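In terms of the numbering used here, the sequence shown opens at residue 147 and continues consecutively.
The beta-carbon is built from N, C-alpha and C at its ideal position, and this holds for glycine as well.
Because the structure is a prediction, the values reported are computed rather than measured.
One structure is given here, and the rest of the page talks about it.
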Amino acid sequence: MIWHILKYLLSFSIPSFYRRIQIKNVQYLKNNCPAIICSNHPNAFMDPIAFSYMVYPPRVRYMARGDAFKPGIVSKILQSIGIVPIFRMQDAGAEGVKKNIESYKVVYDLLKRNKKVMIFAEGICVQEKRLRPIKKGVPRLIFNAQQVLGDKDILIIPVCLNYSEPSQLGSTLFINVGKPFTVKGRMQEFDQNPNTVMLKMMDELYQRMLPLTIHIDNPANDELFEKTRELLSYHLCKQKNLNPDNLEDIFVVEKEIAEVINRASSLHPEYLNVFSDKIAQMYSIVEKYEVSIPAIRAYSVPKLILFFKAIWLAIVYIVYDLMNWIVRAFFYLPYIVSHRLAKKLSPSVEFYASFFLALSTFIFLFYFILFYWIMKHFVPPVVILIFIVLTMSFIPLLHYFPIFRRYFITLLKILKSKTFAVNLSKNLNQIILDYEYLKKVSVEEK
């Protein structure tokens, strides 16, 4: 019951937090087979929340750190929504590990009933663009579960959640589901040499998950990757006839950028350093002047057409800006309360998004009910209608007004000085050429 109520609440709150969410190969999850879903874990409780939202109506259970299961109502709520506690030696000692026996029994029972259980295979929650080694407990769970189920195949499904900025309001999430596989054919080998087989499984699972996510080998290159993807993703998508509004296509481009940086870092660090300096210079200009990358090419449009386009956008901008200020005034109080509480309660940045989502869902719900009740009794119907329109405008304005504003500002700069846009475009084209050269030499010497 609680699960389905939460689902309907999430159908509003998840799209409010993330501008776009997309899932690839969801059909692998829509079957009546027992499955263990092995996922990365960059964003604490937001990972299972967002995943559940995207795969519904199939219900997925999750294995989560047992220290969250405090005695009382919190523990009961977590269990009612399908979270199974798992205890680590460093958190709960030998006593906690003993409790895992009961948790494993719960998992085996779920699998016997053709349910799906998600386990976070890295065993740690960190916001970074890399896949960490798989924990040994993952293959142990897989093979032990297969022993319990006997001849019944368990699907092992690799999954990676790819956030543009996990804790940032208005960011994106691409859920990449890999092809399922089974281990029933390896059980005889497992019975004879369990440690060797589990080590092989750890490596195989890692290799199956790696193509599903962005992986930067050297943490020192994280900032370079972020700046490069922001500057080049749009144009590389266009260059490859991909859709820059499609998260799967963006992932293809960003995956390539990551691989080019990884290879160049290993084979040609001197070239990468030069490229990094150029990216940093270009990025600082883009940020300083609030440039919209998609709008840069507008300088090639005839100036008269550009002028009329700017007038039309100016009218839209004025209307949007007015609505934006009104909407922000209406919703500032519940937003700022949710934000500050989430910042205060979150033990680390990885927990901010999930805390903010949970708090804002109920705070905004209470705020809406209270506001509508007040208006119903004290204001005319036309004001209520206006408030309903503003409420419906909240999410689009929240996510898309900053993008539209930046695009409009860039067009005005182009109208004011075509030279500005031409120089910016030339610099961007040169960086793309530098990127292609970096890609070429790295591939040749791979």
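Query raised in the report: Among P526, G228, D363 and Q353, which one has its Cα closest to the Cα of Y678?
Result: Nothing about residue 678 can be read from this structure; the chain reaches only from 147 to 592.
Requested in this report: State the start and end residues of the unbroken beta strand (DSSP E) segment that holds F266.
Outcome: F266 -> beta strand (DSSP E) spans K262 to F266.
Query raised in the report: What is the C-beta distance between S484 and I457, in whole angstroms, given that I count them as a contact (C-beta under 8 Å)?
Result: Between S484 and I457 the beta-carbon gap is near 38 Å, outside 8 Å, which marks them as no contact.
Query raised in the report: Looking at C-alpha atoms only, which residue of G324, F512, V462 and T318 is the closest neighbour of D391?
Result: T318
Report task. Please classify A291: is it buried, with 16 or more other beta-carbons within 10 angstroms of its beta-carbon, or exposed? Result -> buried
Query raised in the report: Just curious, the beta strand (DSSP E) that I232 is in, first and last residue?
Result: I229 to I232
Report task. Find out if the Cβ-Cβ distance for the pair R551, Y463 is shorter than 9 Å. Result -> yes
Query raised in the report: Is the distance from the Cβ of P326 to the Cβ of C271 below 9 Å?
Result: At least 9 Å separates the beta-carbon of P326 from that of C271.
**Report entry** Enclosing alpha helix (DSSP H) for R600 [first to last residue]
**Finding:** An answer regarding residue 600 cannot be provided, because it is not within the stretch 147 to 592 covered by the chain.
Query raised in the report: What is the DSSP secondary structure of I270, counted as helix, strand or coil?
Result: coil
Requested in this report: With DSSP as the reference, label C383 as helix, strand or coil.
Outcome: helix
Requested in this report: Give the straight-line distance between the Cα atoms of L156 and F501, rounded to the nearest whole angstrom.
Outcome: 13 Å
Report task. Kindly identify the DSSP beta-bridge partner or partners of Q427. Result -> Under DSSP, no beta-bridge partner is assigned to Q427.
Query raised in the report: What's the C-alpha gap between I425 and G316?
Result: 24 Å
Query raised in the report: Quick one, are the C-beta atoms of S313 and Y498 less than 9 Å apart?
Result: yes
**Report entry** Uninterrupted beta strand (DSSP E) stretches inside the segment 158-208 (no shorter than 3 residues)
**Finding:** 164-170 and 181-185
Query raised in the report: If you compare alpha carbons, which of S539, M348, I300 and K275 is closest to K330?
Result: I300
Requested in this report: Look at the alpha carbon of R278 and the alpha carbon of E268, and state the distance between them as a whole number of angstroms.
Outcome: 6 Å
Report task. Any chance you could list the beta strand (DSSP E) runs of at least 3 consecutive residues sitting entirely within the segment 275-327, in chain order? Result -> 301-309 and 317-323
Query - Three-state secondary structure assigned by DSSP to R593 - result: No answer is possible for residue 593: it lies beyond the span of the chain, which begins at 147 and ends at 592.
Requested in this report: Check the C-beta distance from A196 over to I167 and give it rounded, since I have them as a contact under 8 Å.
Outcome: 7 Å
Report task. Find out if the Cβ-Cβ distance for the pair V399, K559 is shorter than 9 Å. Result -> no
Report task. Could you work out which residue in N575, L450, D363 and P415 is closest to Q385 when comparing CA atoms only? Result -> N575
Report task. State the Cα-Cα distance for the pair P493 and A504, rounded to the nearest angstrom. Result -> 15 Å
Query raised in the report: Taking just the CA atoms, how far does K401 sit from V263?
Result: 28 Å
Report task. Buried or exposed for E496, please, with buried defined as at least 16 other CB atoms from any protein chain shown within 10 angstroms of its CB. Result -> buried
Query raised in the report: Which residue or residues does DSSP assign as beta-bridge partners of R211?
Result: BP columns for R211 point to I232.
Query raised in the report: If you draw a straight line from the C-alpha of I302 to the C-alpha of Q427, how long is it?
Result: 45 Å
Query raised in the report: CB-CB under 6 Å to I247, same chain, minus the five flanking residues each way: which ones, in chain order?
Result: none
Query - Top-ranked residue by Cα proximity to E274, from V305, H361 and S249 - result: When each option's Cα is compared against that of E274, the closest is H361.
Report task. Within the same chain, show all residues whose beta-carbon is closer than 7 Å to that of F336, passing over the 5 residues directly before and after it, in chain order. Result -> Non-local beta-carbon contacts of F336 in its own chain, meaning distances under 7 Å to residues more than five positions away in sequence, involve F289 and V343 in chain order.
Query raised in the report: In chain order, what residues of the same chain lie with their CB nearer than 7 Å to the CB of L356, ignoring the 5 residues before and after it?
Result: L277
Query raised in the report: Is it the case that the Cβ atoms of L516 and I472 are separated by a distance below 9 Å?
Result: In terms of Cβ geometry, L516 and I472 do not form a close pair [threshold 9 Å].
Query raised in the report: To which residues of the same chain is I439 closer than 8 Å at the C-beta, ignoring the five residues directly before and after it?
Result: E376, L377, Y380, H381, V432 and L574
Query - Limits of the alpha helix (DSSP H) - the one that L505 falls within - result: Y498 to F524
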